[in-house]
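Numbering (the working numbering) for the sequence shown: 124 to 545. Quick reminder that beta carbons are idealized off the backbone N, C-alpha and C, glycines included. Please read all numbers here as calculations on a predicted model, not as lab measurements. Heads up, the thing below is written out as structure tokens.
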Amino acid sequence: MEGQRLEIRLKQPNPLFEKWLEKWLEDAERRNAKSKYKLRDALTALRSYPLPLASGRECAILRGFGSTLCNLIDEELRLYREKQQNSPPGPTMQIFEADVKQIVETVKKSKGGNSPQKSTQTKLTKKEQKALVEEEERQRQVIMCPESFRIILLVDIQETSGKNKRTLDQTRQYLESLEVLYEVRRLTIGDFLWIARDQEGNELVLPFIVERKRFDDLASSIRDGRFHEQKHRLRHCGLENVIYLIEDYGDNEHLGLPMENLQQAIVNTQIHSGFNIAHTQNNYRSMKYLQCMTKTLIRNFRKKVLLSTSKEDLRPYRHTADMIGLLKFRVLYEDSARGAQLTVREIFVQQLLQLHSLSLEKALAIVELYPTPRLLFDAYNACAGGEKEARLLLSNIPCGPLQRPLGDKLSQSIFDFYKTEF
Numbered sequence: 124m125e126g127q128r129l130e131i132r133l134k135q136p137n138p139l140f141e142k143w144l145e146k147w148l149e150d151a152e153r154r155n156a157k158s159k160y161k162l163r164d165a166l167t168a169l170r171s172y173p174l175p176l177a178s179g180r181e182c183a184i185l186r187g188f189g190s191t192l193c194n195l196i197d198e199e200l201r202l203y204r205e206k207q208q209n210s211p212p213g214p215t216m217q218i219f220e221a222d223v224k225q226i227v228e229t230v231k232k233s234k235g236g237n238s239p240q241k242s243t244q245t246k247l248t249k250k251e252q253k254a255l256v257e258e259e260e261r262q263r264q265v266i267m268c269p270e271s272f273r274i275i276l277l278v279d280i281q282e283t284s285g286k287n288k289r290t291l292d293q294t295r296q297y298l299e300s301l302e303v304l305y306e307v308r309r310l311t312i313g314d315f316l317w318i319a320r321d322q323e324g325n326e327l328v329l330p331f332i333v334e335r336k337r338f339d340d341l342a343s344s345i346r347d348g349r350f351h352e353q354k355h356r357l358r359h360c361g362l363e364n365v366i367y368l369i370e371d372y373g374d375n376e377h378l379g380l381p382m383e384n385l386q387q388a389i390v391n392t393q394i395h396s397g398f399n400i401a402h403t404q405n406n407y408r409s410m411k412y413l414q415c416m417t418k419t420l421i422r423n424f425r426k427k428v429l430l431s432t433s434k435e436d437l438r439p440y441r442h443t444a445d446m447i448g449l450l451k452f453r454v455l456y457e458d459s460a461r462g463a464q465l466t467v468r469e470i471f472v473q474q475l476l477q478l479h480s481l482s483l484e485k486a487l488a489i490v491e492l493y494p495t496p497r498l499l500f501d502a503y504n505a506c507a508g509g510e511k512e513a514r515l516l517l518s519n520i521p522c523g524p525l526q527r528p529l530g531d532k533l534s535q536s537i538f539d540f541y542k543t544e545f
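Shown next, in the form of structure tokens:
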């Protein structure tokens, strides 16, 4: 007999907080204050959240809850508890878990004597059943209480299999000698990341990811266009702390590009993309860096409550927060797969990045004006001056922080790229 998934969802997990927000929203709408928009968003997010929250501080994981609103709730909660001295405090995680266990036991008893009824629904195909199970798994809420999980470093399989089969697997060897708890598996984004895994096997991804580049790999990725594409995917993967781990390649000679160009690319990655840069001398130093990162993350996360959340509802990571919303590993894996769920705009950006000297900032500036190739073609065809005008159509588009024009040369190269028949 197949087990049945039981979903427990309280109709109103946070009645007090909803009541206060409704009161404040009503007052803001009566005064036509600008705060009514944020209050409305916050109330909608709170009503959609399936778990009880113990304080205003915990509400910070929801959309619309800024520091001011969280502090207001905490102050209102303090006053409420002073008036209710003889009553227990508001709903807590322990009370919620006890209620859930009680409901589960009740359902088990009520179904114990009943024979399973035949489903009257149309029988699903295996493919449809698999898709349904996967979607249910994506939506299932995961909660990890403090000290109930382990932090594990995940290593992309490509980081442990060298091109030369005779070469020792140094990455594994170094991590084992440094006593780092790690696992090797295929990652669809980044080279290293960390997960929290509980006893049930649930896996949540900590908001840190590492992309390792030796100087020769960096030069190669810049030449073939992978460098900008990787940065674009890392920036939109949902993990806010991206670390570029730059590793020396011997004496950094015969790299294929001048060292000045590589250093400039690293600076641009730090300033324009907002990534963190770490520089190590060799593979062992890189693994030592990962060891230190792992110890720090264990220390910072072990006493926190971890919750699964969607990419759209992710909030910025604050190390002082007691409750952290994180992505499930399976969700990150599927959404970050190369080409998965790419929009026409994202594919257009990737096409443009294949052109020499066209940076990510310039490509984004172009798609901001022309989100799809079809719109760009229509703009070319609408040029009254014919091909001469069309070739310079993009030359004055402002790009980057300094808003410099794209230039005639790149504009003509893009025209040739899309309009030349082979």
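*So who's on the other strand from ASP321, going by DSSP bridges?*
PHE272
*So, is LEU525 buried or exposed, given that buried needs 16 or more other C-beta atoms within 10 angstroms?*
exposed
_Tell me the DSSP secondary structure of TYR541 in three-state form._
Looking at TYR541 - three-state DSSP - the assignment turns out to be helix.
_Top-ranked residue by Cα proximity to LEU492, from GLN477, LEU529, TYR412, LEU176_ = LEU529
*Compare the C-alpha of SER433 against each of ILE470, ALA505, ILE184 and name the closest.*
ILE184
*Range of the contiguous alpha helix (DSSP H) that encloses ALA177*: Where ALA177 is concerned, there is no enclosing alpha helix (DSSP H), given that its DSSP letter is neither H nor E.
*So, helix, strand or coil for HIS402, using DSSP?*
strand
*Taking C-beta to C-beta, are LEU378 and SER409 nearer than 8 Å?*
no
*Cα-Cα separation between ARG163 and LEU174, rounded to whole angstroms*: 19 Å
_LYS142 in three-state terms, based on DSSP_ = helix
*Using a threshold of 8 Å, state whether the C-beta atoms of TYR372 and ASP339 are closer than that.*
yes
*asked:* One question on the structure: do SER178 and LEU200 come within less than 8 Å of each other, judged by their Cβ atoms?
replied: yes
*For LEU382, is the classification buried or exposed, using 16 other Cβ atoms within 10 angstroms of its Cβ as the cut-off for buried?*
It should be noted that the sequence gives Met, not Leu, for residue 382. Exposed, by the Cβ-count rule.
*Thinking just about the alpha-carbon of each residue, which of TYR407, PHE500, GLY523, ALA319 is nearest to the one in LYS426?*
ALA319
*Unbroken alpha helix (DSSP H) run spanning LYS246, endpoints*: Segment: none, LYS246 is in no alpha helix (DSSP H) and carries neither H nor E.
*Report the three-state DSSP secondary structure of ILE394 (helix, strand or coil).*
helix
*asked:* Let me check understanding here. Comparing Cα to Cα, which of ARG309, TRP317, ILE400 lies closest to LYS354?
replied: ILE400
*Classify LYS206 as buried or exposed, calling it buried when 16 or more other Cβ atoms lie within 10 Å of its own Cβ.*
exposed
*For the beta strand (DSSP E) that contains LYS206, what are its first and last residues?*
LYS206 -> not in any beta strand (DSSP E); alpha helix (DSSP H) instead, spanning 190-206.
_Our contact map puts ILE470 next to ILE489 with C-beta atoms below 8 Å; I'd like the distance itself, whole angstroms only._
About 13 Å separates the two Cβ atoms, so there is no contact after all.
*Between PHE452 and the rest of its own chain, which residues show a CB-CB distance below 6 Å, the 5 nearest in sequence each way excluded?*
ILE318, GLU326, VAL328
*Check whether ILE332 and VAL365 have beta carbons under 8 Å apart*: At the C-beta level, ILE332 and VAL365 come within 8 Å of one another.
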